[in-house]
Every structure is written in structure tokens, then in C-alpha cells.
Amino acid sequence: MALKMVKGSIDRMFDKNLQDLVRGIRNHKEDEAKYISQCIDEIKQELKQDNIAVKANAVCKLTYLQMLGYDISWAAFNIIEVMSASKFTFKRIGYLAASQSFHEGTDVIMLTTNQIRKDLSSPSQYDTGVALTGLSCFVTPDLARDLANDIMTLMSHTKPYIRKKAVLIMYKVFLKYPESLRPAFPRLKEKLEDPDPGVQSAAVNVICELARRNPKNYLSLAPLFFKLMTSSTNNWVLIKIIKLFGALTPLEPRLGKKLIEPLTNLIHSTSAMSLLYECVNTVIAVLISLSSGMPNHSASIQLCVQKLRILIEDSDQNLKYLGLLAMSKILKTHPKSVQSHKDLILQCLDDKDESIRLRALDLLYGMVSKKNLMEIVKKLMTHVDKAEGTTYRDELLTKIIDICSQSNYQYITNFEWYISILVELTRLEGTRHGHLIAAQMLDVAIRVKAIRKFAVSQMSALLDSAHLLASSTQRNGICEVLYAAAWICGEFSEHLQEPHHTLEAMLRPKVTTLPGHIQAVYVQNVVKLYANILQQKEQAGEAEGAQAVTQLMVDRLPQFVQSADLEVQERASCILQLVKHIQKLQAKDVPVAEEVSTLFAGELNPVAPKAQKKVPVPEGLDLDAWINEPLSDSESEDERPRAVFHEEEQRRPKHRPSEADEEELARRREARKQEQANNPFYIKSSPSPQKRYQDAPGVEHIPVVQIDLSVPLKVPGLPMSDQYVKLEEERRHRQKLEKDKRRKKRKEKEKKGKRRHSSLPTESDEDIAPAQQVDIVTEEMPENALPSDEDDKDPNDPYRALDIDLDKPLADSEKLPIQKHRNAETSKSPEKDVPVVEKKSKKPKKKEKKHKEKERDKEKKKQKEKKAEDLD
Amino acid sequence: MSLGNIRQGKLRLQKWYLATSDKERKKMVRELMQVVLARKPKMCSFLEWRDLKVVYKRYASLYFCCAIEGQDNELITLELIHRYVELLDKYFGSVCELDIIFNFEKAYFILDEFLMGGDVQDTSKKSVLKAIEQADLLQEEDESPRSVLEEMGLA
Numbered sequence: 001m002a003l004k005m006v007k008g009s010i011d012r013m014f015d016k017n018l019q020d021l022v023r024g025i026r027n028h029k030e031d032e033a034k035y036i037s038q039c040i041d042e043i044k045q046e047l048k049q050d051n052i053a054v055k056a057n058a059v060c061k062l063t064y065l066q067m068l069g070y071d072i073s074w075a076a077f078n079i080i081e082v083m084s085a086s087k088f089t090f091k092r093i094g095y096l097a098a099s100q101s102f103h104e105g106t107d108v109i110m111l112t113t114n115q116i117r118k119d120l121s122s123p124s125q126y127d128t129g130v131a132l133t134g135l136s137c138f139v140t141p142d143l144a145r146d147l148a149n150d151i152m153t154l155m156s157h158t159k160p161y162i163r164k165k166a167v168l169i170m171y172k173v174f175l176k177y178p179e180s181l182r183p184a185f186p187r188l189k190e191k192l193e194d195p196d197p198g199v200q201s202a203a204v205n206v207i208c209e210l211a212r213r214n215p216k217n218y219l220s221l222a223p224l225f226f227k228l229m230t231s232s233t234n235n236w237v238l239i240k241i242i243k244l245f246g247a248l249t250p251l252e253p254r255l256g257k258k259l260i261e262p263l264t265n266l267i268h269s270t271s272a273m274s275l276l277y278e279c280v281n282t283v284i285a286v287l288i289s290l291s292s293g294m295p296n297h298s299a300s301i302q303l304c305v306q307k308l309r310i311l312i313e314d315s316d317q318n319l320k321y322l323g324l325l326a327m328s329k330i331l332k333t334h335p336k337s338v339q340s341h342k343d344l345i346l347q348c349l350d351d352k353d354e355s356i357r358l359r360a361l362d363l364l365y366g367m368v369s370k371k372n373l374m375e376i377v378k379k380l381m382t383h384v385d386k387a388e389g390t391t392y393r394d395e396l397l398t399k400i401i402d403i404c405s406q407s408n409y410q411y412i413t414n415f416e417w418y419i420s421i422l423v424e425l426t427r428l429e430g431t432r433h434g435h436l437i438a439a440q441m442l443d444v445a446i447r448v449k450a451i452r453k454f455a456v457s458q459m460s461a462l463l464d465s466a467h468l469l470a471s472s473t474q475r476n477g478i479c480e481v482l483y484a485a486a487w488i489c490g491e492f493s494e495h496l497q498e499p500h501h502t503l504e505a506m507l508r509p510k511v512t513t514l515p516g517h518i519q520a521v522y523v524q525n526v527v528k529l530y531a532n533i534l535q536q537k538e539q540a541g542e543a544e545g546a547q548a549v550t551q552l553m554v555d556r557l558p559q560f561v562q563s564a565d566l567e568v569q570e571r572a573s574c575i576l577q578l579v580k581h582i583q584k585l586q587a588k589d590v591p592v593a594e595e596v597s598t599l600f601a602g603e604l605n606p607v608a609p610k611a612q613k614k615v616p617v618p619e620g621l622d623l624d625a626w627i628n629e630p631l632s633d634s635e636s637e638d639e640r641p642r643a644v645f646h647e648e649e650q651r652r653p654k655h656r657p658s659e660a661d662e663e664e665l666a667r668r669r670e671a672r673k674q675e676q677a678n679n680p681f682y683i684k685s686s687p688s689p690q691k692r693y694q695d696a697p698g699v700e701h702i703p704v705v706q707i708d709l710s711v712p713l714k715v716p717g718l719p720m721s722d723q724y725v726k727l728e729e730e731r732r733h734r735q736k737l738e739k740d741k742r743r744k745k746r747k748e749k750e751k752k753g754k755r756r757h758s759s760l761p762t763e764s765d766e767d768i769a770p771a772q773q774v775d776i777v778t779e780e781m782p783e784n785a786l787p788s789d790e791d792d793k794d795p796n797d798p799y800r801a802l803d804i805d806l807d808k809p810l811a812d813s814e815k816l817p818i819q820k821h822r823n824a825e826t827s828k829s830p831e832k833d834v835p836v837v838e839k840k841s842k843k844p845k846k847k848e849k850k851h852k853e854k855e856r857d858k859e860k861k862k863q864k865e866k867k868a869e870d871l872d
Numbered sequence: 001m002s003l004g005n006i007r008q009g010k011l012r013l014q015k016w017y018l019a020t021s022d023k024e025r026k027k028m029v030r031e032l033m034q035v036v037l038a039r040k041p042k043m044c045s046f047l048e049w050r051d052l053k054v055v056y057k058r059y060a061s062l063y064f065c066c067a068i069e070g071q072d073n074e075l076i077t078l079e080l081i082h083r084y085v086e087l088l089d090k091y092f093g094s095v096c097e098l099d100i101i102f103n104f105e106k107a108y109f110i111l112d113e114f115l116m117g118g119d120v121q122d123t124s125k126k127s128v129l130k131a132i133e134q135a136d137l138l139q140e141e142d143e144s145p146r147s148v149l150e151e152m153g154l155a
């Protein structure tokens, strides 16, 4: 019995083919991992067999397991064994396994070179084909170098089946071994006119891929491709060529002019959407690159926009999506042609498909103007209310903020409206973007001085209803806005209507449930408010009122002192002590408000993000120079790392005697002063250029907002942004009437310059003056800031190596290495051009064969050794 | 560019045309599955993912996905997926998921005849199928003597 069972299991072990494995895995759903590890053990046994059929079967199963995510790198050598099987059935499996699992890190890959070379020159085209296919997946720089010439020869193979594969794989070879590009290029170019359409399309593919990365080297091929484009009927090829032209035109504007006509013809005639889409995209790209030189292509743009409109109106979601995508490209250069389709794009916001809605949102970003901003945002706000799912709603929220804040709030004519939009957004439940809204509130309040009064009134209302925002944990994201609200109310407390009321709101016990960083801001800004109230009370002579406020502080602050958050605790106890001190002074009738206010004197200005980086190094300052000269020569740099601890011990006794010896110390000090006086790098106590810069009254340089409110806006309570839309319309209407009057009076009084900060609005299409003369406080930059740094190019770009001039004649040194082994020193006699190389190389091939055989023997030995190891 | 069939979180086929480490591959496949499976049926076939564009299409129980670069044409990629499905269909004769699972190496061979290094090798369905059939024929020639030998060995 036992014997039978053993025999049975052995049989099964041999029999288990791929189908059995797949079935087995499906039948072992519960303990799949266990089953597979058992299978892998079996496979390991099978790989030890000498029978190549068993091995191939094992490798086939491994390939399947590799797809399921199991590591099969340990079997790399067995895969090579199967690859080198003489039978196509096994070879095919071996190459498949290799192409799926080999990568540049596979160390045995170098053993494949000769096997692949043999397969490439096999009489059977399918052996060659399978080798080329495999190689295309795992080619390494070494393989590319050693096999480049073999593959190049195959590009002129008699069978188109081999030619097209050889042509395609050349692209991978070029990427791994850029030196092969120049010698191989003439033949590649020949293949553009190959009689076989498959080969031709392969050549087009490769050259287009190359040219896309480094277009300037391929300009000379433009006429050839132009011919192909007008003659070819294969859409796949046409798309590639058109894409190539898209890459070439920025370098050669004349080409663009020529292209427009055939492309528009194609747009009119083709029924293939993919080709139409490619043409439209390329026309857009061409027109963008031409936009400076040729203004009269509005017809083409119109055609594109029309076609895109048809795509967007199509019921196919894919076309809709792509139409919107292409539209956004046109938008960048021809915003007006797109803006006329605003209706359609707003419609897309109602689409079922989220990705289409998001594309439409992207488009809206570029479509806003001063005129339509309020309308668009209003529409978006209704979508915010309707939106299901927080992701899309959050996306809407960020888009609203992006749209409004773009290019320094360029399109906002009424900041009160914007603040009320922001306040409305705080009512969203569960948004993650509380900090974003908060940042906008802060930014607007700080940079638009005219809005501060309004902002403060809104923020104090927010603080008053803070319990609504902070009540449930679900709304945690939104409580970030309280951070902004508290800071704005504190910093600009002079604008507060009822500071006392706000102060109490900020000292409510509920506040202690907020996150620590927000509480910290509360505590800090409570003091600012307090200082402000004190001043008001003292000026009004209400000593009692002042004392009452102090008492309130003393009563309420301890709740923060108990906070678990270190920052809150520290600030609160510090401030509590301060307030208690003030209380004592107040008891003695000492006026304190003035002094308390000085704690918060001065104004904070926004600093440009790169300001720090752009501070120029003052003349004469060497950042690398020693501030204190290193102690002495004996402790020079190179000795130091050797024994850190030992040296420390040594140094200590060194210092002590110097401390003791006063005279010595004085002498040294004198010497050091002498040295410093002579050292140009030492920063002396006289004001350095840097110091002087710091002293400069930086605040004075900042343009301060001059505001005159043309519309008195008093909206009680929390405003609805819609009110502003109406008010704004009225205001604009009035403004227009006034303007018309003025125009009659004096016809020519315009054009003061195109700057948007100028007092007269000059944009011809948008004659809308902002409600507030908004002078946005620009971000601070240091004086003589350096010009912005250029973007570094990515040094790891794999395509950079292929930036090679292809028109230069080929130098001898550039010839591809011909069938030689890495260690064999073979310097071939110089030949004139590549086809000759091929002929001559036939002779050495025979020699090589012998050599190869030797090499193979060596390999076999290695294999045996390896096997022996495996068996151990 | 990579291509895979995904169904209910199970990978049926994958092909990578850019060198990627195993770890990265697994991570990408997992991520991609999540993204694609989360899509609702009426959504369009394209999505932006990392710095790539993903083109996918569902055929019966299988999702066919293709990750392409920014400049590549989405519609032609969709066409490419469809072409591959047609090829599978012709080869297996109204293909179903089980055909691909149990003959996954054949599915790879077809893919390798159709695409190479991420580029279309032959746009003609006929010539792709012809190549596959002839290679299969070669395999059968190989196989018949082998099975005889094996039987002898077993006997």
C-alpha cells in the first residue's frame, strides 16, 4: 500500500502540468499559500531532472506563479537552460519565462548572450522571432552592445517577419546602448521605404519614438515623412507620423504652415475618431507654436473647437472626456474661442461621470474673467451643495478656491463677496480642506487691507458660532478655519465692533476641545484682543471696565493652563502671569494699556516663498570662511575623525590651564584681535551690509492699500454671497453709465499702461473696475533678489543619451562592435559604410563559431558546477 | 506600458515594457487594480494615474488595462486593446476567461506577436494569427515525437 501511494504521488508529481497547477490553485482557495509552496517544492524537484521536457513544464508553471506574485528569481538559471533547448516548444516557454521575470539586476543574464546570438541566426524564423521578442523585454546595456550588430543585420533579413521585429527592437537597443544609434540609423531610415507595410510601420514607430524625445536631430527627415503622411492610409502609421510632426514644428515653423492644410483635410475627411483626435491635437500644438508668427489661423482653431464640441456633445463618455482634455489645450492660447462654449462646459458639470466633471472643472479654471467669475462660482456652489461623496465635493472646493485665487486674485472684483463665499464653504460637513479655507482667509485678510474690517466682522461671527463648527468630530477638518478666524480677530482687533463679545466667545470652555494648535492661537490672540480692549477702556476712562476684563482673563485662562498640549499650556501660563501682574498694577491705578499694546506693535507682512533663498550674499562675506579660526594646526581636520573621544579628553586639560592663566589669556586675546583686524573675512562689529539691510525699514516699501469704497456694503449678519452678485450687477451697471458719460466728455483719456494695479481699468474686454481699489500687498522679497533659478534638467532622463546628431558622417570609432567577445581584442579594419561591414564580418563568424563552442563548453562546465551546488 | 487582465482583484496576465523591479510591479498592480475596480460602469475609459494615463476596458468579467505616457493617443490604445481581444477571440474561438487562465502562455504568445517593446508590431490581424498558427504548427511537430519518446520511457 505504502509503496503504491509513493508511486502514485511520484506519478502525479511528474504529471502535474500547467492546467493541473491552475486547477489545483483554484481548488485550494483556503490554503492557497500552502498549496503553492508545496507546488514550488515539486517544481524544484522537477528542475533537477535531466529531461528538458520536465524542466520546460516546470518553468512554464513558474511563469504562472510569477504572475501571481511569487518570486522565481532563484530559477533564472533553469530558465536559461530551457531557453537553450533545441526544440521550439521549449525554447518558446524559456523565452517567455525570461521575458516575464528577467530584469537588469538578474545576474545570470550575461550567460544568455551567445544563446541569443545563436537563436538570432537560426534558420527557423520563429526561433529568431522568439529570441527577438524575449530580448525586447530584458535587454541590458551589455546585451545591447554585444548584439547590436547581429540585430542590425537582421533588419535586412529576407523575411519581413524578422525585419519588422528587428526594426522594433532596435529602439530598445538604442535606449540601452546609445552608441549604436548612429551606425544603425542609415539602415533604419531605409526601412521607412520597405516594400512590406509591417516593416515600414515598424520603422515609422521607432523613428517617431526617437524623434519625440530629441526632435531637432530628425528635422531632415521631415520631407520623407510628409510624403508618407499624404500617401499612407494606415491610421496607426498616420497617428505616429502626425505625432512626430507635432514634435518637429516648434523647431521649424515653416513646417507648421505646410502641415495645417493636410491636417485640416484629414480632420474633415477621416471617420476614425482616434485619427481625428490626433489631428486636432497636433493642429493645436502647431498653432500654439506658431501663435507668435502667424495670427491668421483662426479658421483652423474654429474648426478644431467645432470638432471638439461635437466630441463633447457625443454620448460616448470617452469622446466627451477627450474633447474636454483637448479643449483645455486650446484654452491656454485661444481662451476666447473656448469661452464661447461655456454653456457646454457648465453642462458637463452635471455629467454622471466624475472624471468628466473634473475635466470640466479644469477648463473652468481657465475660463473665468472678471465678468463671469461670480456667475461661475455661484454655479459651482450649487454643485457643492448637490455633490454626493466627499471626494468630488472636496475637489469642487479646492477648484473654487483655485479659480478665485488664481494669479493673485486677478478676477476678484469684490472681496467681500469672496470672504462670504469662504464663510459659506465652512458649512460643508466633513471636508478635508479646512486648512485650505483657513489659509485663504488669512491670505486675503492680510493682503487686502481694505477688506480687513469686513473680514473681522465675519470672523467674529464665525468664532461666535464656533460650537457649530467644532461640535462633532466628523467636522474636524473644518475647525481649522477657527485658527484663521481667531488670528484675524486678534491681529486686526481694532476693526472689531464688539471686542468684548468676541473675547468672551474665545474664552468659552468649549474651546478647550479644539485641537492644540488652534487653542494655542486662541490663547495668543485673546491677549491681542485684551490689549485692544484695555486701551479702549482706558482712553474712555472706564477703569472699572478695564479691571473687569482683566478679571475675566484671570478667571478663564486657567482652563488653558491645564491643557495637555504643551504649546497651549506654556503660552497660557505665561500670559496668565502677565495678566495677574497687570491686575496688580491696575489695582494701583497705573495706566497699563500703552505698554500691553506694545507687545503686539508692528505689522506682519507676507514673505515670498523663495525670499530666504534669494537673499544675496553680501559682498565680502564668505560663508565658508571660519568664524573662529580652528584652534591650532595640531588639530587639523584630517586628524580629527580618527579618535573623537580620545581627543575630547585631551582637549579638556588643554583648556584648563589657559583659563587659569589670566595673563596668557589677555595676551592671546590681543593676538586674536590683531589677527582679526588683518583678516578680511572676519565680521567686524561695524555694521555689515547685511546688518544694514535688516535695519532698513522694510515695511515702508510695501505698497499699502488705498481704498475707496464705491459701494457702501453693509450686510448684517452672515452674508449670502448671492446678495453680492446682485449688488455687483447693479454697481457694474451704474459704473457703465458713468463711464459712458465720461466718454462723451473726453474722448481720448485712456491707456495709462497695462498694469492691473493702475487706477484705471484698461483691459479692453473687461471694463469692470473692482468694487474696492484693491492693491494687493505683494509678498516681500529681499532687496536685490537674485533672478529665479533655472529649472534643473533631470540628469537621469534615459532619452538624453539619444540626443545624437545623425547627419554627421560616421567615424570609424563609432562602428558597432562586430561579433566579438568582451575580452577578445579585435580591432577590425576600418570600413567605409555599414553594409560592407556585414559582408566582411561573415568570415570572422566562422572563427567565432569555434570560439563560441569553446565558450559554450565553458558554460556547460559552469552549469554542471552550479548543478552540483544546487544538489548540495 | 503594461497590460494586464484584472478581475475581482485577480491578475490574469501582465506584460511590462519598461524595466521595473518586482516590488514596484506588485505595488503598481495592486494600486492599479484598486483604481480601476473602483470605477463605475458608466465612467469613461481613461484615468490619470501617477504620471501616466491608464486606458482600460471591460470585456465580460475581465478588465484590460494599459498604462500609457502623456503624449500617447488614448483612442488608439483603446483600439489596441480591442484588437488584442479580437485576436484572442479568433484564436480561441469565442474566448472566455478560462481560456486565458488555462492557456496563459498562448495568450502571451499572441500578445508578443501583436506588440513588441510596447509598439504595435503588426496592425493586420491576419498576419498576426498566421504567425501564431505557424509557430504552433512548429510546436506540434516538435511535440508529437516527444510524446512517443516519453511513452517509451515510461513503458
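Note that the protein sequences, when read in sequence, are chains A and B. Numbered continuously in the UniProt record's numbering, the first sequence closes out at residue 872. Numbered continuously in the UniProt record's numbering, the second sequence closes out at residue 155. Glycine residues also receive a C-beta, built at the ideal position from the N, C-alpha and C atoms.
Check	Outcome
Cutoff 8 Å: R393 of chain A Cβ touching any chain B Cβ	no
Closest residue to Q19 of chain A among B:E140, B:F104, B:K125 (Cα-Cα distance)	B:F104
Within-8 Å CB hit, A445 of chain A to chain B	no
Closest Cα partner of R357 of chain A within the set B:M116, B:C96, B:I132, B:M43	B:M43
Inter-residue spacing [alpha-carbon to alpha-carbon] between K588 of chain A and A455 of chain A	38 Å
Length of the line joining the Cα atoms of A671 of chain A and W626 of chain A	17 Å
Inter-residue Cα distance where the pair is M374 of chain A and L496 of chain A	28 Å
DSSP three-state assignment for A67 of chain B, whether helix, strand or coil	strand
Counted within 10 angstroms of its Cβ, other Cβ atoms place K165 of chain A as buried (16 or more) or exposed	buried
Every unbroken alpha helix (DSSP H) within the stretch 472-516 of chain A, with a cutoff of 4 residues, ordered by chain	480-491, 499-506
L248 of chain A vs P215 of chain A beta-carbon contact at 8 Å	yes
V592 of chain A, buried or exposed, once every other Cβ within 10 Å from all chains shown has been counted against 16	buried
R12 of chain B burial status per 10 Å Cβ neighbour count (16 or more: buried)	buried
Proximity winner among B:A60, B:K40, B:A67, relative to D51 of chain B (alpha-carbon distances)	B:A67
Spatial neighbours of S45 of chain B in its chain, beta-carbon cut-off 7 Å, leaving aside the 5 residues before and after	V55, Y56, K57, L78
Residues that M116 of chain B contacts on chain A, provided the C-beta gap is smaller than 8 Å	L132, T133, S136, K165, L168, I169
Min CB distance M43 of chain B to chain A below 8 Å	yes
Alpha helix (DSSP H) segment containing V568 of chain A, residue limits	566-587
Nearest-angstrom Cβ-Cβ length linking I79 of chain A and G69 of chain A, presumed shorter than 8 Å	No, I79 of chain A and G69 of chain A are not in contact; Cβ-Cβ is about 18 Å, not under 8 Å.
Beta-carbon neighbours of W236 of chain A, restricted to chain B and to distances below 8 Å	I76, V120, T123
Contacts around L806 of chain A, its chain only, beta-carbon distance under 6 Å, and the 5 residues preceding and following it disregarded	F185, N217
S597 of chain A to K528 of chain A span [Cα, whole Å]	8 Å
Interface flag, F88 of chain A vs chain B, CB-CB below 8 Å	yes
Under 8 Å between C-beta atoms of M327 of chain A and L346 of chain A	no
Element boundaries [alpha helix (DSSP H), containing Y84 of chain B]	74-92
Residue span of the alpha helix (DSSP H) that contains Y59 of chain B, given as start and end	Unbroken run through Y59 of chain B is the beta strand (DSSP E), 52-59; no alpha helix (DSSP H).
Neighbourhood of N532 of chain A by C-beta, 8 Å cutoff - its chain only, sequence neighbours within 5 removed	S493, E494, L496, P499, S597
CB-CB length for V237 of chain A against S201 of chain A, believed under 8 Å	5 Å
Rounded separation between F77 of chain A and S101 of chain A - CA only	12 Å
Candidates A:P616, A:K449, A:S220: closest to E603 of chain A by CA position	A:K449
Residues that M116 of chain B bridges to, as DSSP identifies them	B:D119
Option in A:N628, A:A131, A:T140 with minimal Cα separation from G105 of chain A	A:T140
Interface partners of Q34 of chain B on chain A, CB under 8 Å	Within chain A, no residue comes near Q34 of chain B; the closest Cβ sits about 14 Å away, beyond 8 Å.
Presumed contact (8 Å Cβ cut-off) between N235 of chain A and L275 of chain A, rounded CB distance	5 Å
Nearest-angstrom beta carbon gap, K243 of chain A and R212 of chain A [assumed within contact, 8 Å]	7 Å
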